[in-house]
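A quick write-up on the structure given underneath.
Take a look at the structure:
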C-alpha cells in the first residue's frame, strides 16, 4: 500500500478545502495507507479530528527544506497531495519534495471559470498553471476542470471530494421547520447578500422563516440585514467545525453561488437528507440528475423565494426530496474517493500521463480563451490594481464609493441642469 502525505498551509478555518483535507486524512488512514499531514500553522481548529501525524513546516527556508526531505524519507512518502487556494504550494516546496524522491499532485479546488468571473484572481490563474506544470500531476474536483487544465498542458485527473455521511436512520428531523441553512465564507462569489434578499422576500409570506448563515463572522452583513428589516430572521454562525448540528436544524439548504467546483455543501446537505434550492451553477456533478434540488437562473430572487415558500407549505415534499437527495450519494463514497486517487498513483508509478500528442478542437478552444483573457487582463492590469489599491486604502468598495458620489453630487447636478433648461 502506498505512503501518502497531504499538505495544506493552514487548517485554522472551516472552509470546504479544510474539511476535504481532514476527511482525506481519515479515509487514507482507514483504508490502510500510510499517511501524514504537513501544514505551516499548528492545527487547533480541527485538532480533535486529525487522525494522522501532523508535521509543522518551518518558515525559514533552509529549515523548511531540511524538514521536507528528512520527514519524507523517514516516512517513505511516495506521493504528496498539495492543496491550496490559488497559490499553494510554493515552487520551492515542489523542488524540496522532488529532491526527497516523492511525487507531487496539486489539487485545484476552484472551477476554471472562477478567475475569469472575478478579476482580482487573474494573476493567480497564471500562478496555478505554472505550479501545475511543475507538479507530476494535477487533481481537479470535476471532469470538466480536468479537461480544461489538460488542454493548458497539465497532467490533470478528476478526483472526488470526500465528506462525512450522517446516519439519519434514528433521527426525528422536523421537516415542518421554516429554517434554511446557507454555508459559506461570505465571499462575493457566494452572493450572500442575495441570500438575505431571498429571505426578505420569503418573510413577506412566511414571517417566521429563519436563515442559519454558517461560516461568516459575527456582525457580517449587519447593514444589509438591517436595511432589509430581517434581523429576527437571520442567525449568524461564525466558522465552526461542528457544522452538523446546523444542518440538523434546517429543512432546506440555500445555495446562491455564481460558481463552484465540487460544491461540498451540496454533498453535505444531501447526506443530511435536506433538499437544495439553488442558482444554476454549471459543471456540478452532484446535481446533474436533478434529484433533491430545485434550480433557478442566477439572481432570480423572486423565483427562489417562491420555490421555498411552496416547499414550506408542503413538508411531505421536502421530506421526499431529502430522501431523493440522499439516494443520489450512492456513488459518492469513500471507496470511490480512494479509487480515483489510486488511479493517479498507478499512472504516476507507471510513468503514464493523461496528456496525448493529439490536439483536439477542445484543446485549441481552451488555449485561445485562456490566451485572450490573459491578454485582456494584462492590458487592463492598471485598472484592476487602481481599484484594489483604493479599496485597501479606504476600506470601502469602489462600487459603494461611486454610488455615494453619484447620489450626492452627480444626480443633484443633473436635477439642477434640468431645472435650468
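In this note's numbering, the protein residues as written are 1100 to 1520. Glycine included, every Cβ here is placed at the ideal spot set by N, Cα and C.
Inset, instruction - Within 10 angstroms of the Cβ of residue 1435, are there 16 or more other Cβ atoms? Answer buried if so, exposed if not. - result: exposed
Inset, instruction - Return yes when the Cβ of residue 1240 is within less than 7 Å of the Cβ of residue 1226, no when it is not. - result: no
Inset, instruction - Take residue 1163 as the anchor and find which of 1317, 1140, 1338 has the nearest alpha-carbon. - result: 1140
Legend entry - Alpha carbon of residue 1182 to alpha carbon of residue 1108, nearest angstrom: 8 Å
Legend entry - alpha helix (DSSP H) runs wholly inside the stretch 1101 to 1151, at least 4 long, in chain order: 1115 to 1129
Legend entry - Alpha-carbon spacing of residue 1410 relative to residue 1404, whole angstroms: 10 Å
Inset, instruction - Under the assumption that residue 1234 contacts residue 1258 (Cβ atoms under 8 Å), give the Cβ distance between them as a whole number of angstroms. - result: Their Cβ separation, rounded to whole angstroms, is 14 Å, which puts residue 1234 and residue 1258 out of contact at 8 Å.
Inset, instruction - Hey, could you find the ends of the beta strand (DSSP E) residue 1297 is sitting in? - result: No beta strand (DSSP E) holds residue 1297; the alpha helix (DSSP H) holding it covers 1291 to 1302.
Legend entry - residue 1340, enclosing beta strand (DSSP E) - first and last residue: Here residue 1340 belongs to no beta strand (DSSP E), and DSSP marks it neither H nor E.
Legend entry - Opening and closing residue of the beta strand (DSSP E) in which residue 1256 lies: 1255 to 1257
Legend entry - Short Cβ contact (7 Å threshold) for residue 1253 with residue 1231: yes
Legend entry - Endpoints, alpha helix (DSSP H) assigned at residue 1246: 1242 to 1250
Legend entry - beta strand (DSSP E) segments (min. 3 residues) lying fully within the stretch 1153 to 1226: 1178 to 1183, 1202 to 1207
Legend entry - Cβ neighbour criterion (16 or more within 10 Å) applied to residue 1426: exposed
Legend entry - Stretch-stretch touch, CB-based, cutoff 8 Å, three pairs: the stretch 1351 to 1368 with the stretch 1322 to 1339: no
Legend entry - Limits of the unbroken beta strand (DSSP E) element including residue 1386: That residue, residue 1386, is in no beta strand (DSSP E); it is neither H nor E in DSSP.
Inset, instruction - With DSSP as the reference, label residue 1436 as helix, strand or coil. - result: helix
Inset, instruction - Below 6 Å CB to CB, which residues in the same chain sit around residue 1130 once its five sequence neighbours on both sides are set aside? - result: 1437
Inset, instruction - Rounded to whole angstroms, what's the CA-CA distance from residue 1353 to residue 1368? Just pull it up for me. - result: 10 Å
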